[in-house]
Structures are given as C-alpha cells and as structure tokens.
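Colleague: Residue numbers (the numbering used here): 374 to 521.
Built from N, CA and C at the ideal position, the CB exists for glycine as well.
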Amino acid sequence: MAIDVERIPLMTSQKTTNSISIQESTLSWLNVFVEVPGSPSRYELSTSTGNILHKNQQSRRSLLYDLSGIARSGQILAVMGATGVGKTTLMNVLSGQYTDNTLTTAGNVYLNGQLTTRTQRQSSNAIGYVEQYEPFIETMTLQEHLIF
374 MAIDVERIPL MTSQKTTNSI SIQESTLSWL NVFVEVPGSP SRYELSTSTG
424 NILHKNQQSR RSLLYDLSGI ARSGQILAVM GATGVGKTTL MNVLSGQYTD
474 NTLTTAGNVY LNGQLTTRTQ RQSSNAIGYV EQYEPFIETM TLQEHLIF
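1) List the residues that DSSP assigns as beta-bridge partners of Gly-442.
2) For Leu-484, report the span of its beta strand (DSSP E) as first-last.
3) Helix, strand or coil for Thr-492, going by three-state DSSP, please let me know.
4) Once you ignore the five residues that flank Leu-524 on each side, which residues in its own chain have a CB closer than 7 Å to its CB?
5) Which term fits Ala-479, buried or exposed, when burial requires 16 or more other beta carbons within 10 angstroms of its beta carbon?
6) To the nearest angstrom, how far is the alpha carbon of Thr-477 from that of Leu-488?
7) Per DSSP, Leu-437 is paired with what?
8) Out of Ile-449, Thr-475, Val-466, Tyr-502, which one is the CA nearest neighbour of Ser-441?
9) Skipping 5 residues on each side, what residues in its chain have a beta carbon closer than 7 Å to that of Phe-509?
10) Does DSSP put Gln-487 in a helix, a strand or coil?
11) Among the residues of its own chain, which have a CB less than 6 Å from the CB of Asp-439, if the five just before and after it don't count?
12) Quick one: Cα of Ala-455 to Cα of Glu-511, how far?
See the structure below:
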C-alpha cells in the first residue's frame, strides 16, 4: 500500500473567530527539565562527624535534563530512543498534555517565537503529534488524525 505524503502545516486556532485556519508554525523549546518524586531519602551520612542522620526529605528523579530543540513547518521531526528515555514525556510536555501532577517542569516552549504556557499549548490545538503505535483510519488524512 502506497502512502501519499503531503506537506501539512500545523493547525492553529484563531482567537477572534470560532474557525480554525492553517498556517505554517515553528515550535521550539529551550532548557526543558522534567522531574518526578523519587524514593524518600531516610538517612544521610554526615561528612563532618561520620554520624548517620535521619532525613525526611523527598528526593527528585530527572526524566528530562536541559533539552532544547526546534520543529519547523514542512520538516519531519523524529524523536527516537530506547524504551524509557523520555520520548513520550517530552511530547506530552511540549503539547501541554501531561496529566501527572507530580511532574515538576521547567524551561520554555515557544510557538512562532512567542513564549507559551502549558494551558495555552493544551487549549490551542496548535501542537499535535502521532505516537508510534497509534492506530490510523485509512480514510482520514494526517491532518484529520491530529485533530481527532
């Protein structure tokens, strides 16, 4: 089966109307960090006295560390890596679609050079991605899948 690949720009919603128009967009991100709670550290060794101290502080585990990049209109961006390295986490953070409230995020995400918030990315319909094993309906275009 042959796949007809077309250049499809990202969709962005117009704030002044209820319609959706198509325009070419650039998504960029700078110094993105993501952490989750790790296991609590219960003990700490004091280096000055050699004593073991009780500690109730929650440790943090880095999922993404200082990532920067750009996705330009008309180009294909493939995010590749081994299982568990953070590909889905990165896509969820960039699109604002992460639902895990334990995530601590830092860094900046820009759409067409404008700094965005998670809420703006989540509600704008401007950022979409297709996961590796996402089922496709043969009668729908890529653009329709991203909207769906």
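Modeller: Considering the structure as presented:
1) One-based indexing of the sequence shown puts residue 442 at position 69. The partner list for Gly-442 (beta bridge, DSSP) reads Trp-402.
2) Here residue 484 corresponds to residue number 111 of the sequence shown, with the count starting at 1. Here the beta strand (DSSP E) through Leu-484 covers 477-484.
3) The residue given as residue 492 occupies position 119 in the sequence shown. Correct three-state label for Thr-492: helix.
4) Coverage of the chain is limited to positions 374 through 521, which leaves residue 524 absent and any answer about it impossible.
5) By 1-based counting over the sequence shown, the position of residue 479 is 106. Label assigned to Ala-479: exposed.
6) The residue you call residue 477 lines up with position 104 of the sequence shown. The residue you call residue 488 lines up with position 115 of the sequence shown. Rounded to the nearest angstrom, the two C-alpha atoms are 18 Å apart.
7) Taking the sequence shown and counting its residues from 1, the one referred to as residue 437 is at position 64. Answer is Val-407, bridged to Leu-437.
8) Residue mapping note: residue 441 aligns to position 68 of the sequence shown, counting from 1. Among Ile-449, Thr-475, Val-466, Tyr-502, the Cα nearest to that of Ser-441 is on Val-466.
9) In the sequence shown, the residue the question calls residue 509 occupies position 136. Excluding sequence neighbours, Phe-509 sits near His-518.
10) Stepping through the sequence shown from its first residue, residue 487 is reached at position 114. Strand.
11) Looking up residue 439 in the sequence shown gives position 66. Excluding sequence neighbours, Asp-439 sits near Asn-404.
12) By 1-based counting over the sequence shown, the position of residue 455 is 82. By 1-based counting over the sequence shown, the position of residue 511 is 138. Taking the straight line joining both Cα atoms gives about 29 Å.
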